[in-house]
Amino acid sequence: MALIDLIDVRKSFPMGDGELEVLHGIDMKVERGEFVAMMGPSGSGKSTTMNILGCLDAPTSGRYILDGQDVADLDRDELAAIRNAMIGFVFQGFNLLPRTTALANVEMPMLYAGVKAKERHVRAQEVLERMGLGDRMHHDPSQLSGGQQQRVAIARGIVNRAPILMADEPTGNLDSKTSDEIMKLFQELNEKEGITITLVTHEPDVASYAGRVVHFRDGLVTSDEPNKAKRGASA
Amino acid sequence: MIPFSEVLKVSFKALMANKMRSFLTTLGIIIGVAAVIAAFAVGRGANKVIDDQIAMFGSNFMYIFTERSAVGSSTPPRYLTVADAEAIERECSGIEAVAPVVETNIQAVYGAANWAAEVVGSTPGYSVVRDYRVEQGRGLLASDVRAAAKVCVLGRTVADKLFEGEPPVGKVIRLRTVPFLVIGVFETKGQAMGGWDQDDFVLVPLSTAQRRLTRNANTGRVGNIMVKGVSMKALDYLDVQISDLLRERHRIRPGQQDDFAIRNISQILDARRKATQVMSILLGSIAAISLVVGGIGIMNIMLVSVTERTREIGIRMAVGAKAADIRRQFLMEAVTLSLLGGAIGILLGMASAHGLAKVMESPPIFGAGVIALSFAFSAIVGIGFGFYPAWRASLLNPIDALKYE
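Chains B and H, in that order, give the protein sequences.
The C-terminal position of the first sequence is numbered 243 in the numbering used here, with every residue numbered one higher than the one before it.
The C-terminal position of the second sequence is numbered 691 in the numbering used here, with every residue numbered one higher than the one before it.
Rendered as structure tokens:
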């Protein structure tokens with residue numbers, strides 16, 4: 009059974025008198041351990057799909073089976089619990105809490121998971137060290153470079169041991185060298201830790217790190233193929 | 287659910303990030319609570335002083351004394367006499383007791399012990415008017431006064447100083463050279479304000495005092511006349527009755543000034559007590575208004591804070607914060623603000639109560655109840671006015687919140 013299964017997902021937004029449908033029936037499956045890139049021009053529906061995948065938004069119709077559970081009809085708090093347990097987010101703008109140390113930022117998801125203070129501390133430290141930020145733990149985001157901030161965000165995304173990491177243009181604010189580093193990090197997490205990754209990007213270069221690329225256009229999936237020219241971690 | 291301590295930590299951190307703003311926001315609460323604390327402490331202190339004074343004089347108390355410097359009078363004043371006192375008791379209505387009084391300071395001697403005591407010559411009415419109760423033996427009787435008996439009733443202090451634990455009743459003390467039989471001892475009334483000892487006196491029959499201890503035997507002259515009315519209300523018309531009666535008795539013509547003065551002590555004190563109450567109510571109202579304004583200030587700043595931190599709310603929601611978590615966080619911030627304000631207000635209130643008390647010449651009285659109540663009130667203000675912003679924060683949509691610039 010697929011980890012993620014979207015079945016004829018539609019999404020419309022109220023617009024003036026009527027409604028504007030932006031997803032016209034998306035069908036998409038993601039298996040456990042996959043690394044999927046979602047591509048498409050702006051307005052293609054990839055971000056809306058990503059929001060639904062991330063349980064930040066609910067579809068207007070259709071079904072979304074996440075790890076065997078239909079989440080389309082869950083309420084806000086139930087979705088929050090699922091996000092907390094199953095999904096880590098990495099955003100273009102990093103979205104770290106300002107004036108809050110890297111360590112505290114990484115501890116935050118565990119706070120809402122009810123993890124005890126001491127364990128939070130130990131786990132956050134571990135993950136940050138793995139991200140190569142052992143000496144930056146007590147720095148505020150403003151004292152960190154873009155790449156470092158994004159690594160803190162990734163640490164925050166995986167610290168709760170969520171099986172899925174969702175990244176929305178994670179390299180959009182980074183230079184190409186740092187982008188490569190971040191993408192290799194994703195690849196490593198995917199290959200070594202078996203974390204399922206879905207990634208939204210409009211850069212083919214970034215998408216090339218994924219094992220599979222899904223193209224969106226006008227609210228529909230136009231192509232869904234394995235990435236034959238996948239860049240290796242060594243590339 | 288996140289443990290309380292964690293929520294508190296997060297809230298405290300958020301407030302410390304904006305110290306100046308947090309402080310200014312709490313100012314309303316600080317002033318409100320300070321006003322409550324000060325009003326209660328000063329009000330209670332002032333009431334205590336007045337209550338003490340009322341206890342000292344006795345209730346429904348007034349007294350009449352000779353006005354020596356009556357202006358525009360060619361004749362010297364007629365002094366108040368025993369006959370005046372008897373006339374008042376006989377002819378005025380609304381009287382519970384009358385006590386004509388002569389006072390003099392005499393060394394009291396018992397054996398080797400001696401003590402400079404205030405000797406009060408009066409009638410049985412004295413202990414009624416002044417609310418003294420007999421503890422041992424008996425009080426003065428009308429027959430003692432009629433017979434000019436050489437008997438006395440001791441105040442507690444005098445009994446202690448002269449007898450040092452020996453039972454005084456039945457013993458004989460000397461006032462000047464005159465022997466007096468101790469027939470009773472009064473119950474202690476303790477110290478009045480200013481440390482004045484209300485038990486430091488010896489009561490003897492008026493007639494005996496006039497004949498043996500002062501030189502007013504023939505004139506019947508007394509120092510003053512004390513009156514106890516049946517009620518506070520009775521004092522109103524007693525005032526007029528006594529004035530009319532004494533003018534007639536002293537043959538004062540219309541237009542001429544009184545040669546006596548009446549002090550309506552209980553009414554003066556009562557008026558003072560009411561003034562204190564008015565002041566307390568006034569300060570209390572300021573406090574209430576200030577607390578409400580302070581609460582609105584908190585609500586205002588929390589609404590600003592929620593808007594400013596929309597993105598933070600979005601991030602927290604994305605990583606799994608439930609609506610209740612967000613609500614609790616912002617509510618806790620508001621309550622922390624108002625409780626901090628309350629704590630500062632309590633300290634400030636205590637300080638200003640001490641300052642005010644100096645002006646009012648009554649020490650403030652702090653009650654644990656009032657302090658607890660102010661603290662609880664600050665918490666209620668925090669919850670009451672913090673709820674709406676917190677509720678708004680919890681309703682934010684995570685997607686919109688994350689996109690918020």
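Beta carbons: idealized from backbone N, C-alpha and C, even for Gly.
As the structure is a prediction and not an experimental result, all values here were calculated from the model.
Query                                                                                                                        : Result
Beta-bridge pairing of H/Phe-351 - partner residues as DSSP gives them                                                       : H/Asn-510 and H/Ala-547
Residues, ordered as in the chain, of the segment 605-618 of chain H that lie near chain B by beta-carbon distance below 8 Å : Val-605, Gly-606, Ala-607, Lys-608, Ala-609, Ala-610 and Asp-611
Where B/Phe-224 sits in the DSSP three-state scheme                                                                          : strand
Residue of H/Met-588, H/Ile-554 and H/Arg-535 minimising C-alpha distance to H/Val-368                                       : H/Arg-535
For H/Ala-620 and H/Val-319, the rounded distance between their alpha carbons                                                : 16 Å
Where B/Phe-21 falls, given that 16 or more other Cβ within 10 Å makes a residue buried                                      : exposed
Of the residues H/Ala-383, H/Lys-475 and H/Phe-466, the one placed nearest H/Pro-491, counting alpha carbons only            : H/Phe-466
Proximity below 9 Å, CB of H/Val-508 to CB of H/Pro-386                                                                      : yes
Range covered by the beta strand (DSSP E) that runs through H/Ser-408                                                        : 399-408
Backbone CA spacing between H/Ser-648 and H/Gln-496 [nearest angstrom]                                                       : 39 Å
Cα-Cα separation, H/Gly-600 to H/Thr-562                                                                                     : 54 Å
Same chain only: Cβ atoms within 7 Å of B/Gln-157, ignoring 5 sequence neighbours per side                                   : Phe-102, Leu-104 and Pro-149
Short Cβ contact (9 Å threshold) for B/Asn-235 with B/Ala-161                                                                : no
Backbone CA spacing between B/Gly-26 and B/Val-98 [nearest angstrom]                                                         : 33 Å
Rounded straight-line distance, which links the Cα of H/Gln-484 to that of H/Asp-417                                         : 11 Å
Residues bridged to H/Leu-569 (per DSSP)                                                                                     : Partner(s): none; H/Leu-569 has no beta bridge.
Residue closest to H/Met-603, alpha-carbon to alpha-carbon, out of H/Val-645, H/Leu-682 and H/Thr-622                        : H/Leu-682
Any C-beta of chain B under 9 Å from that of H/Ala-303                                                                       : yes
Presumed contact (8 Å Cβ cut-off) between H/Phe-347 and H/Ile-551, rounded CB distance                                       : 5 Å
Chain-ordered chain H contacts of B/Pro-234 [CB-CB under 7 Å]                                                                : Near B/Pro-234 there are no residues of chain H at all, since even the closest Cβ is about 30 Å away, more than 7 Å.
Inter-residue spacing [alpha-carbon to alpha-carbon] between H/Tyr-690 and H/Ser-571                                         : 42 Å
Proximity below 9 Å, CB of B/Leu-14 to CB of B/Thr-57                                                                        : yes
Contained alpha helix (DSSP H) runs [length at least 4] in the segment 590-650 of chain H, N- to C-terminal order            : 596-604 and 609-646
Pair within 9 Å by beta-carbon distance, H/Val-384 and H/Val-526                                                             : no
Cα-Cα separation between H/Ser-680 and H/Arg-613, rounded to whole angstroms                                                 : 5 Å
Span of the alpha helix (DSSP H) around B/Glu-27                                                                             : It is not in any alpha helix (DSSP H) - B/Glu-27 instead sits in the beta strand (DSSP E) that spans 26-38.
Below-9 Å beta-carbon distance, B/Phe-2 vs any chain H residue                                                               : Residue 2 of chain B falls outside the range modelled here, since chain B spans only 9 to 243, and no answer is possible.
Nearest candidate by alpha-carbon position, reference H/Lys-608, set B/Leu-141, B/Thr-206 and B/Cys-63                       : B/Cys-63
8 Å contact criterion, which B/Asp-143 and B/Ser-55 should meet: CB distance rounded                                         : At roughly 35 Å, the Cβ-Cβ gap does not stay under 8 Å, so B/Asp-143 and B/Ser-55 are not in contact.
Chain-ordered chain B contacts of H/Met-709 [CB-CB under 9 Å]                                                                : No statement about residue 709 of chain H is possible, as the shown extent of chain H runs from 287 to 691 and does not include it.
Sequence-distant residues of the same chain with beta carbon closer than 6 Å to B/Gly-302, five excluded per side            : Any question about residue 302 of chain B goes unanswered here, given that chain B covers just 9 to 243.
Neighbour-count burial assignment, H/Asp-430, 16 or more Cβ in a 10 Å radius                                                 : buried
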